[in-house]
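A.B. asks: Under UniProt numbering, the residue at position 221 of the sequence shown is numbered 221, and the numbers go up by one with no gaps. Handing you a structure now.
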Amino acid sequence: MLRKFLFGGKPRGRAAILMLPLFTTLLYLLVRSRVYDPPPRAPYHVASNIRNTSSDWWIEFFMRLENTRVVAAPTEINGSAPNDNWTPDTSIVRSDLLVLNATDEAKFRESHASFVRQLPQFASHLPYDAGTTGIVSTAGARNFGQAISMVLMARQAGSRLPIQIVVDSNSPWVESVCAETLPRYNASCLFLEDLWAGLHHQVVPKLHRFQWKFISIIASPFQNVLFLDADSLPVRSPDHLFTREPFISAGFITWPDYWVSQVAPAFYKIAGDIKVPSIASRASSESGIMIYDKARHADTLLLAAYYNYNGPDHYYSMLNQHGPGEGDKETFFQAALVLDALRRKGVYRQPTAWMKQGIGLKKGYWDVKTMPKSHGRTVKGNWRGMFMQQMDPSEDYRTVMAAIEKAKNDEVHDKANDESESNPAARARRSTAHSRRQKVSKFEHKPNVKQRRAGHKPGPKQNQDAGEDETVPNDSTLTESHISRFLTDSAFLDTAGRLPLEHDPHHYMFFHHNGVKPDLTAVLDEAAEVLATDEEEHYVRMWGDPGWIIDRYGRDIEKVLWHDSIEIYCQEQLARFERLRKVCKKMREIYEQVHNA
Numbered sequence: 001m002l003r004k005f006l007f008g009g010k011p012r013g014r015a016a017i018l019m020l021p022l023f024t025t026l027l028y029l030l031v032r033s034r035v036y037d038p039p040p041r042a043p044y045h046v047a048s049n050i051r052n053t054s055s056d057w058w059i060e061f062f063m064r065l066e067n068t069r070v071v072a073a074p075t076e077i078n079g080s081a082p083n084d085n086w087t088p089d090t091s092i093v094r095s096d097l098l099v100l101n102a103t104d105e106a107k108f109r110e111s112h113a114s115f116v117r118q119l120p121q122f123a124s125h126l127p128y129d130a131g132t133t134g135i136v137s138t139a140g141a142r143n144f145g146q147a148i149s150m151v152l153m154a155r156q157a158g159s160r161l162p163i164q165i166v167v168d169s170n171s172p173w174v175e176s177v178c179a180e181t182l183p184r185y186n187a188s189c190l191f192l193e194d195l196w197a198g199l200h201h202q203v204v205p206k207l208h209r210f211q212w213k214f215i216s217i218i219a220s221p222f223q224n225v226l227f228l229d230a231d232s233l234p235v236r237s238p239d240h241l242f243t244r245e246p247f248i249s250a251g252f253i254t255w256p257d258y259w260v261s262q263v264a265p266a267f268y269k270i271a272g273d274i275k276v277p278s279i280a281s282r283a284s285s286e287s288g289i290m291i292y293d294k295a296r297h298a299d300t301l302l303l304a305a306y307y308n309y310n311g312p313d314h315y316y317s318m319l320n321q322h323g324p325g326e327g328d329k330e331t332f333f334q335a336a337l338v339l340d341a342l343r344r345k346g347v348y349r350q351p352t353a354w355m356k357q358g359i360g361l362k363k364g365y366w367d368v369k370t371m372p373k374s375h376g377r378t379v380k381g382n383w384r385g386m387f388m389q390q391m392d393p394s395e396d397y398r399t400v401m402a403a404i405e406k407a408k409n410d411e412v413h414d415k416a417n418d419e420s421e422s423n424p425a426a427r428a429r430r431s432t433a434h435s436r437r438q439k440v441s442k443f444e445h446k447p448n449v450k451q452r453r454a455g456h457k458p459g460p461k462q463n464q465d466a467g468e469d470e471t472v473p474n475d476s477t478l479t480e481s482h483i484s485r486f487l488t489d490s491a492f493l494d495t496a497g498r499l500p501l502e503h504d505p506h507h508y509m510f511f512h513h514n515g516v517k518p519d520l521t522a523v524l525d526e527a528a529e530v531l532a533t534d535e536e537e538h539y540v541r542m543w544g545d546p547g548w549i550i551d552r553y554g555r556d557i558e559k560v561l562w563h564d565s566i567e568i569y570c571q572e573q574l575a576r577f578e579r580l581r582k583v584c585k586k587m588r589e590i591y592e593q594v595h596n597a
């Protein structure tokens, strides 16, 4: 693969093969030195949990990113975008605080266009194990306790999906838990230091805090990925999401954040002169929970990787203008939005290898419209935010479709009651309802004849009856009308979020701990705020009164989390770690006082 990438597929002799690693490293360093002087870094520790992944692909991956690196000056923002919450009727004007001269804008445009041109070929061989589905997270020694809480909560919620934690930094206790404990929960660790052990240390760039996420999604072998930040806790099983709408017709799902989008208008010009979305079209997105089908969205994921690779100095601030939550939060959804807009303009032709007749899958995007709901605890008169509740996307899909149907029915009712065809208000209502009908009909999934006869429920698994002849070839002669049969028109989502949505709060699926982090090893750290005491200095629950949680979910989730965590941290094989012995003792003390009182 790499030989074809470098030499156009021409064979070389044994000497050339032996010189290949040296040649690729020298070529990489030559290109890299032209645009970037990397800071010194310590060598990776090599552990024992090795996954057999081709080094060729990772070399190609980092070289393509480096060859298209943004060489403009670091992004400059004049001030900070306001902390404005998004509401369906918002009239806020998009902030425009980016300071960008014509020279740097041209460098951004050249870099972006160059990477997008490579995407169809590059995305066609993104590695994954076809037909696999799992949960992926990323953590390191500093926050591995959060990942343990996530694993325990997923199993408590009834999920049977395999879980993989991509470890960005190691420690003896983390390695012990990965090797001896997590396999009992059908969970495993993928150590990046092992994955890249065969690469020269200069090939792998120094990664920053937010950049581990895109690496972990790409590094995981799963085709269908539910990515969860280590502090995103599933409280209902997410397993059904991969066999229901909107995953079937989209293949990529994101969740909203609280605030309005603060993407700089110039970003859409840089990305290919695409239309700047209305602020009212959707809230900003968060990246702590995402769903990908890599077969359908390899290009979307790789464009997000490009934004993140160039994130710290360029795209992070451009996509948030120093607004709340700045980091990787907008990089993933904007990648989908950009590629869809470029396809509509006719300047981007996506890879087609994933398209198969008879399995009922289409490519689009779905941004959850149900807004997150905050939860916190009040102690000594002070409220402290704990987590944001995020909705089951299949429930969100039902809610949005019901709202659209209601709008159509209301339009029919209003039409019947209109006294005159010349009434301007009546014409406006009919026009709006007609537009919504047209847009929603493009998204509704209709099984083909073969599926209806067999009672087939479409999902992300390959149809056993589908042969190679049913695969749409990656052929430039394919017409756009043929390709469009495999695409979903997601544009109606720009207005769907403004309809009144009647969601069922019992279907909130995730508690994303954007406040106090759910790392129970932090019981020894007062500043972490996992623990708090009331006026009588008695420990209180982390999530406050459990009544609403028990009523909604049928169990005392926090109590079970503490119970299961004690089983982890009080294992005999972890007693050799002094800190964990103290954690075990402290957790037992709190559990007896708070949960067994």
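C-beta atoms are modelled at their ideal positions from N, C-alpha and C, and glycine is treated no differently. As the structure is a prediction and not an experimental result, all values here were calculated from the model.
#1: Please classify V530: does DSSP put it in a helix, a strand, or coil?
#2: May I ask which residues mark the beginning and end of the alpha helix (DSSP H) holding W383?
#3: Hey, would you say V260 sits closer than 8 Å to I77, going by beta carbons?
#4: Please state the DSSP three-state secondary structure of S285.
#5: When you compare the CB positions of V167 and A139, do they come within less than 8 Å of one another, or not?
#6: By how many angstroms is the C-alpha of H506 removed from the C-alpha of D551?
#7: If you draw a straight line from the C-alpha of V560 to the C-alpha of P546, how long is it?
#8: Tell me whether E326 is buried or exposed, calling it buried when 16 or more other Cβ atoms sit within 10 Å of its Cβ.
#9: Does the ligand GTP have a heavy atom nearer than 7 Å to the CB of G325?
#10: Can you confirm whether the segment 144 to 157 touches the segment 89 to 104 when touching is taken to mean that 3 or more C-beta pairs between the two stretches lie within less than 8 Å?
#11: What is the DSSP secondary structure of C189, counted as helix, strand or coil?
#12: Is the segment 371 to 382 in contact with the segment 261 to 272, if contact means three or more CB pairs nearer than 8 Å?
#13: Which residues in the same chain as residue 598 place their Cβ atom closer than 8 Å to its Cβ, once the five residues preceding and following it in sequence are excluded?
#14: Pull up the distance between the alpha-carbon of A154 and that of I291, whole angstroms please.
#15: Given this structure, state the Cα-to-Cα distance separating A283 from F510, to the nearest angstrom.
#16: Hey, which unbroken runs of the alpha helix (DSSP H) at 4 residues or more fall wholly within the segment 216 to 267?
#17: Compare the beta carbon distance of F492 and K363 with 8 Å and say whether it is the shorter of the two.
#18: Using 8 Å as the Cβ pair cut-off and three pairs as the minimum, do the segment 297 to 312 and the segment 184 to 200 touch?
#19: Between T352 and I248, is the Cβ-Cβ spacing less than 8 Å?
#20: Pick from D534, T488, S169, R498: whose alpha carbon is nearest that of Y365?
#21: Look up L487 in the DSSP assignment and give the residues it is bridged to.
#22: Closest to Q202 by CA distance: which of I549, V583, F62, Y397 is it?
#23: Pick out whichever of S159, Y306, L226, E66 has its Cα sitting closest to the Cα of V235.
#24: On the premise that L97 lies in contact with G79, defined as a C-beta separation below 8 Å, what is that separation, rounded to the nearest angstrom?
#25: In the DSSP assignment, the beta strand (DSSP E) including K373 goes from what residue to what residue?
#26: Count the CB pairs spanning the segment 303 to 316 and the segment 210 to 228 that are closer than 8 Å, and state whether there are at least three.
#27: My guess is that K233 and H513 are in contact by the Cβ rule of under 8 Å, so how many angstroms apart are they, rounded?
#28: Can you check which of these residues, S278, G360, P518, L524, is closest to D89 by C-alpha distance?
#29: Quick check on the burial criterion: 16 or more other C-beta atoms within 10 angstroms. Buried or exposed for R576?
#30: Based on DSSP bridge pairs, tell me the residues matched to S512.
#31: Is it right to say G346 is buried, meaning 16 or more other beta carbons lie within 10 angstroms of its own, or is it exposed?
#32: Given a threshold of 16 other Cβ atoms within 10 Å of its Cβ, counted over all protein chains shown, does H503 qualify as buried or as exposed?
#33: Taking only three categories from DSSP, how would you classify M542?
#34: Is L493 helix, strand or coil when you go by DSSP?
#35: Are the CB atoms of residue 616 and K408 nearer to each other than 8 Å?
#36: Tell me whether Y307 sits in a helix, a strand or coil according to DSSP, three-state version.
C.D. replies: Reading off the structure:
#1: On the sequence shown, residue 530 is found 530 positions in, with the first residue counted as 1. Reduced to three states, the DSSP call for V530 is coil.
#2: Within the sequence shown, numbered from 1, the residue matching residue 383 stands at position 383. Counting along the chain, W383 falls outside any alpha helix (DSSP H), though it belongs to the beta strand (DSSP E) covering 382 to 391.
#3: Start at 1 with the first residue of the sequence shown, and residue 260 comes out as number 260. Start at 1 with the first residue of the sequence shown, and residue 77 comes out as number 77. No, the Cβ-Cβ distance between V260 and I77 is not below 8 Å.
#4: The residue labelled residue 285 in the question sits at position 285 within the sequence shown. Three-state DSSP puts S285 in a strand.
#5: Residue mapping note: residue 167 aligns to position 167 of the sequence shown, counting from 1. Residue mapping note: residue 139 aligns to position 139 of the sequence shown, counting from 1. Yes, the pair counts as a contact, with Cβ atoms nearer than the cut-off.
#6: Taking the sequence shown and counting its residues from 1, the one referred to as residue 551 is at position 551. Taking the sequence shown and counting its residues from 1, the one referred to as residue 506 is at position 506. So the alpha carbons of these two residues sit roughly 9 Å apart.
#7: Residue numbering aside, residue 560 sits at position 560 when the sequence shown is read from its first letter. Residue numbering aside, residue 546 sits at position 546 when the sequence shown is read from its first letter. Distance between the alpha carbons of V560 and P546 is about 12 Å.
#8: Stepping through the sequence shown from its first residue, residue 326 is reached at position 326. The residue in question, E326, is buried, as its Cβ has 16 or more Cβ neighbours within 10 Å.
#9: The ligand GTP is not part of the structure shown, which contains no ligands of any sort.
#10: no
#11: Mapped onto the sequence shown, residue 189 falls at position 189. In this structure, C189 counts as strand in the three-state DSSP scheme.
#12: no
#13: An answer regarding residue 598 cannot be provided, because it is not within the stretch 1 to 597 covered by the chain.
#14: Within the sequence shown, the letter at position 154 stands for residue 154. Within the sequence shown, the letter at position 291 stands for residue 291. Looking at the two C-alpha atoms, the distance is approximately 16 Å.
#15: For the purposes of this step, residue 283 is taken as the residue at position 283 of the sequence shown. For the purposes of this step, residue 510 is taken as the residue at position 510 of the sequence shown. Cα to Cα, A283 sits roughly 18 Å from F510.
#16: 247 to 250
#17: The residue you call residue 492 lines up with position 492 of the sequence shown. The residue you call residue 363 lines up with position 363 of the sequence shown. No, these two residues do not count as a Cβ contact at 8 Å.
#18: no
#19: Stepping through the sequence shown from its first residue, residue 352 is reached at position 352. Stepping through the sequence shown from its first residue, residue 248 is reached at position 248. No, the pair does not count as a contact, with Cβ atoms beyond the cut-off.
#20: Locating residue 365 in the sequence shown gives position 365, counting from the first residue. Nearest of D534, T488, S169, R498 to Y365, Cα basis: T488.
#21: Position 487 of the sequence shown, counted from the start, is the residue given in the question as residue 487. DSSP lists K363 as partners of L487.
#22: To locate residue 202, count along the sequence shown from 1; it is residue 202. Q202 has its Cα closest to that of F62, out of I549, V583, F62, Y397.
#23: Stepping through the sequence shown from its first residue, residue 235 is reached at position 235. Of the listed residues, the one whose Cα sits closest to V235 is S159.
#24: The count along the sequence shown starts at 1 and reaches residue 79 at position 79. The count along the sequence shown starts at 1 and reaches residue 97 at position 97. That belief holds up - the Cβ atoms of G79 and L97 are roughly 5 Å apart, short of 8 Å.
#25: Along the sequence shown, one-based indexing puts residue 373 at 373. 373 to 379 is the span of the beta strand (DSSP E), which, as asked, contains K373.
#26: yes
#27: Counted from its first residue, the sequence shown places residue 233 at position 233. Counted from its first residue, the sequence shown places residue 513 at position 513. Sequence check: residue 233 is Leu here, not Lys. So it is a contact: roughly 7 Å between Cβ atoms.
#28: Translated into the one-based positions of the sequence shown, residue 89 becomes position 89. Minimum Cα distance to D89 is reached at S278.
#29: Looking up residue 576 in the sequence shown gives position 576. That one is exposed.
#30: The residue given as residue 512 occupies position 512 in the sequence shown. Looking at the sequence shown, residue 512 is not Ser but His. Per DSSP, S232, M388.
#31: Start at 1 with the first residue of the sequence shown, and residue 346 comes out as number 346. Exposed, since its Cβ has fewer than 16 Cβ neighbours within 10 Å.
#32: Against the sequence shown, residue 503 aligns to sequence position 503. By the 10 Å Cβ count, H503 comes out buried.
#33: Position 542 of the sequence shown, counted from the start, is the residue given in the question as residue 542. Here M542 sits in coil by DSSP.
#34: Within the sequence shown, numbered from 1, the residue matching residue 493 stands at position 493. It is helical.
#35: Nothing can be reported for residue 616: it is not among the residues displayed for the chain, which extend from 1 to 597.
#36: Here residue 307 is taken as the residue at index 307 of the sequence shown, counted from 1. Helix.
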